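The next block holds one structure in the form of structure tokens; read it before the comments.
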Amino acid sequence: MGIETEPKHKSITVEKMGEVVNSLDEASKLTLRERIAFILKDSKCREAYQAITRTLINAGITATDLIPGAGEVVEGLILGLKITPKVKEILLKYVKDPKNSAKHLDLTPDISISQQFMITSATAPVEFLSGGTIPSYLINTLWQLRADIKNGRFEGARDAIRVLMTGERTKLTPEVRARLDAAAKEFQI
Amino acid sequence: MTIDRQVKINALFTLLDFSMIVSKEMKDEIKKKIEDFSIEDIMNLGSILAYEHYNREKLDDMALKTFIESLNKSTK
């Protein structure tokens, strides 16, 4: 049997097995790198991970937008990425995997270019009159957040956090728990 | 094979798949050998994995001893 280490044919002792069980207990969990790789492989978890990252970056840009001048520069760059393929092309020169990275560069993928044009046209006069102190990028942030929630992109967040924190890959859903309870009952004395 | 034995084996497989204390390699070993296990050993292993399922913790000495005895007996 696989659990018998050395010497062969000798029955395993409680002490030895204790060590094996403890090491297996640790080994059955994933390392941090494996946890992140697992999250990125799982489509639901990956979607949640991207939505969370996008929301945090958008929130950061909104905060920067409170500073007159600085916000406009960042906002301009972000919007430039959306509407100018050339800007994207220049930035992607410095990225290892351009094809894969291109789709992640858009921080508001659910806002079309025409919708973005409408938002910018409506907020530009207000921004100008307020001297750049109104965080108009908040509209983009909330618009995208709403789209992410509406499309259920945060559904995998709980799983992603569980995998990240505990290293446990198996989700104990009520159905799985019921199946395990039924199995465990077979061995109740 | 009696229906009861098959039910116990299926239940043991289910618990094995979700057990945190048994490695994947060990799970595969047990699955391969399980047809040769006596019903008593299947019950012993199953009751320990059921204990783990209910408590989600490491085996205590007594449970560990029974687990090892069952495995040693089953694989002689």
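Respectively, the protein sequence lines represent chains A and B.
So for the first sequence, the numbering used here puts the first residue at 1; every next one is plus one.
So for the second sequence, the numbering used here puts the first residue at 1001; every next one is plus one.
C-beta: ideal position from N, C-alpha, C; glycine also.
Please read all numbers here as calculations on a predicted model, not as lab measurements.
C-alpha of B/Leu1012 to C-alpha of A/Pro174: approximately 19 Å in a straight line. Contacts with chain B at 9 Å (Cβ-Cβ) do not include A/Ala37.
The DSSP-derived three-state label of B/Leu1045 is helix.
Judged by DSSP secondary structure, A/Arg35 falls within the alpha helix (DSSP H) whose first and last residues are Leu32 to Lys41.
Judged by beta-carbon spacing, B/Gly1046 lies within the 9 Å limit of A/Ala183, meaning their Cβ atoms are closer than that value.
Scanning chain A for C-beta atoms nearer than 7 Å to the C-beta of B/Thr1014 yields Arg179, Leu180 and Ala183, reported in chain order.
Pairing A/Arg54 with A/Asp159 gives a Cβ-Cβ distance that is not under 9 Å. Taking a Cβ-Cβ cut-off of 7 Å, A/Phe117 has no neighbours in chain B, whose nearest Cβ is about 53 Å from it. Spanning the alpha carbons of A/Ser136 and A/Gly71 requires a straight line of approximately 9 Å. Of all residues in the stretch 1028 to 1047 of chain B, only Asp1028, Glu1029, Ile1030, Lys1033, Ile1042, Met1043, Asn1044, Leu1045, Gly1046 and Ser1047 place a beta-carbon less than 9 Å from a beta-carbon of chain A. Here DSSP, grouped into helix, strand and coil, assigns A/Gln116 to helix. About 6 Å separates the CB atoms of B/Thr1066 and B/Ile1048; that is less than 8 Å, so the two are in contact. Counted as a single uninterrupted DSSP element, the alpha helix (DSSP H) harbouring A/Asp181 occupies residues Pro174 to Lys185. Below the 7 Å Cβ cutoff, chain B contributes Val1007, Lys1008, Ala1011 and Gly1046 as neighbours of A/Glu186, in chain order.
Across the structure, A/Gly131 and A/Pro68 are spaced so that their CA atoms are roughly 7 Å apart. With respect to A/Lys82, A/Thr64 sits apart: the two C-beta atoms are not nearer than 9 Å. Closest in alpha carbon position to A/Gly76, among A/Phe117, A/Phe38 and A/Val163, is A/Phe117. Taking the Cβ atoms as the reference, A/Ile39 lies roughly 20 Å from A/Val176, outside the contact range of under 8 Å. By alpha-carbon distance to B/Lys1008, the top candidate from B/Lys1032, B/Ser1019 and B/Ser1038 is B/Ser1038. The beta carbon of A/Ile134 is closer than 7 Å to those of Val126 and Glu127 in its chain, skipping five residues each way along the sequence.
Per DSSP, reduced to three states, the secondary structure at A/Ile78 is helical. For B/Asn1010, the three-state secondary structure derived from DSSP is helix.
The DSSP-derived three-state label of A/Glu47 is helix. In the displayed model, A/Ile57 falls within a helix according to three-state DSSP.
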